[in-house]
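Structure first, commentary second.
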Amino acid sequence: MHTDVVEIHGREFERLTQRISEVTRQRSGRGIMVLGAAGVGKSHILARLSRWTHDPSPPRAITIFLHNLLVAPQRLPRYMLTSTIGALTNGRGAYEDCKLSQLWELAVRSAAGLAPEAKITHENAERAMKALIDSHHPFEKSIQSVLLRVGLNLHHAVEEEGRFNSDVVDAGLDWLSGEQLEPEQAESLHKPQPPSLRDDQDVERVFKVLAGMAQRCGMPFVLCVDQFDNLSEAQVAATTRFMQVLIDMYPTWSASSLAFRTTYSRSPKRRSSRWRTGIASRRNESSSAW
């Protein structure tokens with residue numbers, strides 16, 4: 000069992016949680032930085048943040064922790080999405096109690112007006128997903144359809160002690176992660192279009208839907224990138240640029256509660272000009288810096 004030591008950066012941790020809570024109240028995306036030299040306790044703050052967001056039921060936020068994004072800069076958005084889908088599904092392992100299952104059920108119950116004890120059926124889940132993803136964009140309608148099938152199967156895994164169609168779940172998660180589907184996988188999902196994610200805009204739309212589901216539940220979607228020390232300047236620039244794009248999009252979206260939190264401990268002379276020092280935050284009114 001992990002123990003929180005409130006004396007270690009207690010004031011900074013309180014400021015961090017306040018910033019994340021403000022995202023939901025103000026319905027505005029925000030970027031947050033935590034800077035510090037090696038060994039000062041950033042990992043302790045990360046561990047405390049994880050427990051703070053996930054210990055309650057329902058959780059305070061959907062929080063995804065990404066570490067060591069050591070991929071080519073042009074592949075970072077897709078890699079971040081693939082890692083996020085993996086984190087939401089316990090590394091594509093134990094689906095029965097994964098974050099995606101919890102998020103889907105909470106969002107469906109909220110959109111359909113279902114009580115906690117009410118049964119989720121295909122009919123009310125379909126109506127809820129149409130309300131959650133109210134879009135005429137063909138790709139977002141495909142996300143709606145795929146999440147309906149994946150979510151129902153994950154829900155059945157919980158309600159029916161693990162009995163669910165794992166092939167459908169695996170195919171849906173592959174597609175949401177940007178994988179090219181085999182013909183039989185595409186058939187099991189009713190042939191979503193396009194057959195795989197085409198570009199970074201498709202990646203952004205998947206993040207948009209996930210964040211929108213969290214917002215419907217009254218929770219921010221927090222994407223936390225750690226260990227920037229190990230990234231090259233090009234990787235740092237690509238990561239911050241993509242995260243800033245997602246934040247800047249939210250003023251025009253009905254679900255505007257996407258929050259990003261990132262840690263950094265590089266020396267000032269190597270830091271991108273888009274970043275500030277200390278625990279600082281930046282709302283999405285401006286994209287000039289965090």
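Under numbering that gives the first Met the number 0, read the sequence shown as residues 0 to 289, first letter to last. Glycine included, each C-beta is placed from N, C-alpha and C at the ideal position.
Residue from Met-242, Gln-192, Pro-58, Ser-144 whose Cα sits closest to the Cα of Met-218: Your numbering for residue 218 matches position 219 in the sequence shown. Closest option to Met-218, Cα to Cα, is Pro-58.
Every unbroken alpha helix (DSSP H) inside the region 26–96 [4 residues or more]: Listed in chain order, the complete alpha helix (DSSP H) runs (minimum 4 residues) inside the region 26–96 are 41–53, 75–87.
Buried/exposed call for Leu-15, threshold 16 Cβ in 10 Å: Numbered from its first residue, the sequence shown carries residue 15 at position 16. So Leu-15 counts as buried.
Length-filtered (4 minimum) alpha helix (DSSP H) runs lying within the region 144–198: The region 144–198 contains these whole alpha helix (DSSP H) runs: 165–175, 182–187.
Reduced DSSP secondary structure (H/G/I, E/B, other) of Arg-14: Sequence index remark: in the sequence shown, residue 14 carries index 15 (1-based). Correct three-state label for Arg-14: helix.
Reference Arg-204, options Cys-216, Ala-236, Val-244, closest by Cα: The count along the sequence shown starts at 1 and reaches residue 204 at position 205. Per the C-alpha coordinates, the member of Cys-216, Ala-236, Val-244 positioned closest to Arg-204 is Val-244.
Cβ neighbours of Tyr-94 in the same chain (closer than 7 Å, five flanking residues each side left out): As a position in the sequence shown, residue 94 is number 95, starting the count at 1. Exclusion of the five residues before and after Tyr-94 leaves Thr-88, Ser-100, Leu-153, Ala-156, Val-168 as the residues of its chain whose Cβ lies within less than 7 Å of its Cβ.
Own chain residues within Cβ distance below 7 Å of Trp-51, not counting five before or after: Taking the first residue of the sequence shown as 1, we reach residue 51 at position 52. Annotation for Trp-51: Thr-16, Arg-59 place their beta carbon closer than 7 Å to its own, counting only its chain and skipping 5 residues before and after.
Rounded Cβ spacing between Leu-68 and Leu-196 (contact assumed at less than 8 Å): Here the question's residue 68 lines up with position 69 in the sequence shown. Here the question's residue 196 lines up with position 197 in the sequence shown. Taking a contact as a CB-CB distance under 8 Å, the pair Leu-68 and Leu-196 does not count as one, their CB atoms being some 18 Å apart.
Under the three-state DSSP convention, the category Asp-228 falls into: Start at 1 with the first residue of the sequence shown, and residue 228 comes out as number 229. Secondary structure at Asp-228: helix, using DSSP grouped into helix, strand and coil.
Ser-255 - DSSP class collapsed to helix/strand/coil: The sequence position of residue 255 within the sequence shown is 256, counting from 1. Only weak support is given to the placement of Ser-255: the predicted model assigns it a pLDDT of 34, under 50, and the question is left unresolved by the model.
Close beta carbons around Leu-175, own chain, < 7 Å, minus the five adjacent residues each side: Residue numbering aside, residue 175 sits at position 176 when the sequence shown is read from its first letter. Ile-84, Val-145, Val-205, listed in sequence order.
Enclosing alpha helix (DSSP H) for His-121 [first to last residue]: On the sequence shown, residue 121 is found 122 positions in, with the first residue counted as 1. His-121: member of the alpha helix (DSSP H) spanning 121–131, first to last residue.
Distance between beta carbons of Ile-132 and Glu-125, contact taken as under 8 Å: What you label residue 125 is simply residue 126 of the sequence shown in a count that begins at 1. What you label residue 132 is simply residue 133 of the sequence shown in a count that begins at 1. The C-beta distance from Glu-125 to Ile-132 rounds to 11 Å, too long to meet the 8 Å contact threshold.
Member of Ala-237, Arg-77, Val-208, Ile-142 whose CA lies at the smallest distance from the CA of Gln-192: Mapped onto the sequence shown, residue 192 falls at position 193. Selected option, being the one with the closest Cα: Ile-142.
Reference Arg-24; option with closest CA among Ser-56, Cys-216, Cys-223, Gln-234: If you number the sequence shown from 1, residue 24 lands on position 25. Measuring from the Cα of Arg-24, the nearest candidate turns out to be Cys-216.
Exposed unless 16 or more other CB atoms sit within 10 angstroms - verdict on Lys-41: Walking along the sequence shown from the start, residue 41 turns up at place 42. Buried, since its Cβ has 16 or more Cβ neighbours within 10 Å.
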